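K.L.:
Line by line, the protein sequences are chains A and B. Here the first sequence is numbered in numbering that gives the first Met the number 0, starting from 0 and rising by one per residue. Here the second sequence is numbered in numbering that gives the first Met the number 0, starting from 0 and rising by one per residue. Note that the Cβ used here is the ideal one computed from N, Cα and C, for glycine as well. Bear in mind the structure is a predicted one, so any value in this text is a computation, not a measurement.
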Amino acid sequence: MKKILSFIPLFVLIIALLTSGEKVMAQQEGNRGNADKEINQTKQKVKEKTKGAKEAVKEEKEKVAEDVQKDEEKVEEAVKEEEEKAREAVKDEEGKVREAVKEKEEKVREAVGEKREGKAETGKIEKEANKGKGNAYGKNKGGLEGRDFGQARAEAARMQQQEKKAELDRTVTDNEGKITQAKEKIKVAREDLEKQKASGKVKEKEYQERKGKIDNAERAVNDLEQKIQKGKNLPGKSE
Amino acid sequence: MMKKAIFVTGVLALMLAGCTGKAKKEAAAKAVETEIEQIETVSSQIDSTITEIEDAALKLDTVINEL
Numbered sequence: 000m001k002k003i004l005s006f007i008p009l010f011v012l013i014i015a016l017l018t019s020g021e022k023v024m025a026q027q028e029g030n031r032g033n034a035d036k037e038i039n040q041t042k043q044k045v046k047e048k049t050k051g052a053k054e055a056v057k058e059e060k061e062k063v064a065e066d067v068q069k070d071e072e073k074v075e076e077a078v079k080e081e082e083e084k085a086r087e088a089v090k091d092e093e094g095k096v097r098e099a100v101k102e103k104e105e106k107v108r109e110a111v112g113e114k115r116e117g118k119a120e121t122g123k124i125e126k127e128a129n130k131g132k133g134n135a136y137g138k139n140k141g142g143l144e145g146r147d148f149g150q151a152r153a154e155a156a157r158m159q160q161q162e163k164k165a166e167l168d169r170t171v172t173d174n175e176g177k178i179t180q181a182k183e184k185i186k187v188a189r190e191d192l193e194k195q196k197a198s199g200k201v202k203e204k205e206y207q208e209r210k211g212k213i214d215n216a217e218r219a220v221n222d223l224e225q226k227i228q229k230g231k232n233l234p235g236k237s238e
Numbered sequence: 000m001m002k003k004a005i006f007v008t009g010v011l012a013l014m015l016a017g018c019t020g021k022a023k024k025e026a027a028a029k030a031v032e033t034e035i036e037q038i039e040t041v042s043s044q045i046d047s048t049i050t051e052i053e054d055a056a057l058k059l060d061t062v063i064n065e066l
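1. What residue does the alpha helix (DSSP H) around residue 14 (chain B) start on, and which one ends it?
2. Show which residues of chain A have a CB atom less than 9 Å away from the CB atom of residue 58 (chain B).
3. List, in order along the chain, the chain B residues whose C-beta lies closer than 9 Å to that of residue 204 (chain A)?
4. What separation, rounded to the nearest whole angstrom, lies between the Cα atoms of residue 42 (chain B) and residue 88 (chain A)?
5. Just curious, the alpha helix (DSSP H) that residue 223 (chain A) is in, first and last residue?
6. Confirm, please, whether the CB-CB distance from residue 229 (chain A) to residue 48 (chain B) is below 7 Å.
7. Roughly how many angstroms separate the alpha carbons of residue 7 (chain B) and residue 17 (chain B), rounded to a whole number?
8. Confirm, please, whether the CB-CB distance from residue 185 (chain A) to residue 217 (chain A) is below 7 Å.
9. Flag residue 42 (chain B) as yes if its beta-carbon sits less than 7 Å from any beta-carbon of chain A, otherwise no.
10. Less than 7 Å between CB atoms is the rule here; does residue 228 (chain A) satisfy it with respect to chain B?
11. List the whole-angstrom C-beta distance separating residue 58 (chain B) from residue 55 (chain A), where the pair is believed to meet the contact cut-off of C-beta under 8 Å.
12. Cβ closer than 9 Å: which chain B residues qualify as neighbours of residue 200 (chain A)?
13. CB residue 209 (chain A) to CB residue 192 (chain A), shorter than 7 Å?
14. Can you pull the chain B residues whose beta carbon is under 7 Å from the beta carbon of residue 152 (chain A), in chain order?
15. On the CB-based measure, 16 or more other CB atoms within 10 Å of its CB, does residue 10 (chain B) come out buried or exposed?
16. I need the straight-line Cα distance from residue 225 (chain A) to residue 82 (chain A), nearest angstrom please.
17. With a threshold of 7 Å between beta-carbons, can residue 48 (chain B) be considered close to chain A, or not?
18. What residues from chain A crowd round residue 31 (chain B), counting only those whose CB sits closer than 7 Å?
19. Flag this pair as yes or no: are the beta carbons of residue 99 (chain A) and residue 172 (chain A) separated by less than 7 Å?
20. Looking only at C-alpha atoms, which of A:234, A:180 and A:77 sits nearest to residue 64 (chain B)?
21. Is residue 232 (chain A) close to chain B? Criterion is C-beta to C-beta, closer than 7 Å.
22. I'd like to know if residue 66 (chain B) contacts chain C, where contact means its C-beta is closer than 7 Å to some C-beta of that chain.
23. Keeping to the same chain, check which residues put their C-beta closer than 7 Å to that of residue 223 (chain A); ignore five residues upstream and five downstream.
24. Would you say residue 176 (chain A) lies against chain B (beta-carbon separation less than 7 Å)?
25. Is it right to say residue 43 (chain A) is buried, meaning 16 or more other beta carbons lie within 10 angstroms of its own, or is it exposed?
26. With distance defined between alpha-carbon atoms, name the residue in A:215, A:176 and A:152 nearest to residue 39 (chain B).
Structure, rendered in structure tokens:
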């Protein structure tokens, strides 16, 4: 019994030690849990912020893409309108020229027919006409005498000139549309380049290269404009 | 004498009329030739201008595609 009683304080001491150890462990676990919670919260916050930033970037990209698409659509519409106008103008001009040429051809044919009937026998004239169409000016004149032959040649030259004028008009109109289109492209390219330079996306060397190309394109536009102006100012040109 | 004078005058008048007609025809032919030359010159200018415009347009296409 005495032995058992002597062990009691030892038991009490052991129990006290165990209890205090559990408390310390619980406290430590509690602290760890708090730290984990804080870390998790911070991680979540970081994740949310990253998500937000990504969404903002996405939205920005979408906006830029939409703007670019809108610009492109505008340019395409402008170009289409210009092309349609040019086509209509060319059609009108072609119609006018064809009518004029037909009228002149008729007149020449009538004049030639009258002269032929009045001046020589039909059989002989046909033979001569078959032999000498389009030959040398002075000798064989397709049944026409000197003066009439000259008039016919002048008429043919005028008709040829009319056709060339119509072709020139067509070329001028087509290329005016091309100039409008090119100017739009140059404008867009220049704006893009400047934006990229401002945001630091383009290095100086690349910037200079692209700027050089844009300047080159601008020079080509000016050159074409000058040539078109020259075509408009030709002496034989009616418009 | 009077008859001779009238005859000579008549012959001279005929010759003059003949020469004038020929000269008129030649002048008209020359005018037509000149007109044809002018028209052909303008036609050739138009041709060369069309070629220049087409060349410039081709060059523009190339540089625009490089942008």
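P.N.:
Taking the definition as stated:
1. To locate residue 14 (chain B), count along the second sequence from 1; it is residue 15. Run containing residue 14 (chain B): 1 to 64, per the alpha helix (DSSP H) assignment.
2. What you label residue 58 (chain B) is simply residue 59 of the second sequence in a count that begins at 1. Neighbours of residue 58 (chain B) on chain A, chain order: 219, 222 and 223.
3. Reading the first sequence from its first residue, position 205 is the one you call residue 204 (chain A). Result: empty, since nearest Cβ-Cβ is about 17 Å, beyond 9 Å.
4. In the second sequence, counting from the first residue as 1, residue 42 (chain B) sits at position 43. In the first sequence, counting from the first residue as 1, residue 88 (chain A) sits at position 89. One C-alpha to the other measures close to 22 Å.
5. For the purposes of this step, residue 223 (chain A) is taken as residue 224 along the first sequence, with counting starting at 1. 203 to 231 is the extent of the alpha helix (DSSP H) around residue 223 (chain A).
6. Within the second sequence, residue 48 (chain B) is the residue found at index 49, counting from 1. Within the first sequence, residue 229 (chain A) is the residue found at index 230, counting from 1. Yes, the Cβ-Cβ distance between residue 48 (chain B) and residue 229 (chain A) is below 7 Å.
7. Residue mapping note: residue 7 (chain B) aligns to position 8 of the second sequence, counting from 1. Residue mapping note: residue 17 (chain B) aligns to position 18 of the second sequence, counting from 1. For residue 7 (chain B) and residue 17 (chain B), the distance between alpha carbons rounds to 15 Å.
8. Here the question's residue 217 (chain A) lines up with position 218 in the first sequence. Here the question's residue 185 (chain A) lines up with position 186 in the first sequence. In contact: residue 217 (chain A) and residue 185 (chain A) (Cβ atoms closer than 7 Å).
9. Here residue 42 (chain B) refers to the residue found at position 43 when the second sequence is read from its first residue. Closer than 7 Å: yes.
10. Counted from its first residue, the first sequence places residue 228 (chain A) at position 229. No, its Cβ sits nowhere closer than 7 Å to a Cβ of chain B.
11. Translated into the one-based positions of the second sequence, residue 58 (chain B) becomes position 59. Translated into the one-based positions of the first sequence, residue 55 (chain A) becomes position 56. Residue 58 (chain B) to residue 55 (chain A), Cβ: 44 Å. No contact.
12. The residue given as residue 200 (chain A) occupies position 201 in the first sequence. Correct list: empty, because the minimum Cβ distance to chain B is about 17 Å.
13. Here the question's residue 209 (chain A) lines up with position 210 in the first sequence. Here the question's residue 192 (chain A) lines up with position 193 in the first sequence. In contact: residue 209 (chain A) and residue 192 (chain A) (Cβ atoms closer than 7 Å).
14. For this step, residue 152 (chain A) is matched to residue 153 along the first sequence. Simply 35.
15. Start at 1 with the first residue of the second sequence, and residue 10 (chain B) comes out as number 11. By the neighbour-count rule (16 or more Cβ atoms within 10 Å), residue 10 (chain B) is not buried but exposed.
16. Sequence index remark: in the first sequence, residue 225 (chain A) carries index 226 (1-based). Sequence index remark: in the first sequence, residue 82 (chain A) carries index 83 (1-based). Straight-line Cα distance between these residues: approximately 20 Å.
17. Taking the second sequence and counting its residues from 1, one reaches residue 48 (chain B) at position 49. Yes, its Cβ sits closer than 7 Å to a Cβ of chain A.
18. Residue mapping note: residue 31 (chain B) aligns to position 32 of the second sequence, counting from 1. Chain A residues near residue 31 (chain B): 149, 150 and 153.
19. Counted from its first residue, the first sequence places residue 99 (chain A) at position 100. Counted from its first residue, the first sequence places residue 172 (chain A) at position 173. The answer is no: Cβ separation not under 7 Å.
20. To locate residue 64 (chain B), count along the second sequence from 1; it is residue 65. Selected option, being the one with the closest Cα: A:180.
21. Working through the first sequence from its first residue, we reach residue 232 (chain A) at position 233. No, residue 232 (chain A) lies away from the interface with chain B (no Cβ there is under 7 Å from its Cβ).
22. The chain inventory of the structure shown lacks chain C, comprising the protein chains A and B.
23. What you label residue 223 (chain A) is simply residue 224 of the first sequence in a count that begins at 1. Cβ neighbours of residue 223 (chain A) beyond the five flanking positions: 174 and 178.
24. For the purposes of this step, residue 176 (chain A) is taken as the residue at position 177 of the first sequence. No - not a single Cβ of chain B is within 7 Å of the one on residue 176 (chain A).
25. In the first sequence, counting from the first residue as 1, residue 43 (chain A) sits at position 44. So residue 43 (chain A) ends up on the exposed side.
26. Looking up residue 39 (chain B) in the second sequence gives position 40. Per the Cα distances, A:152.
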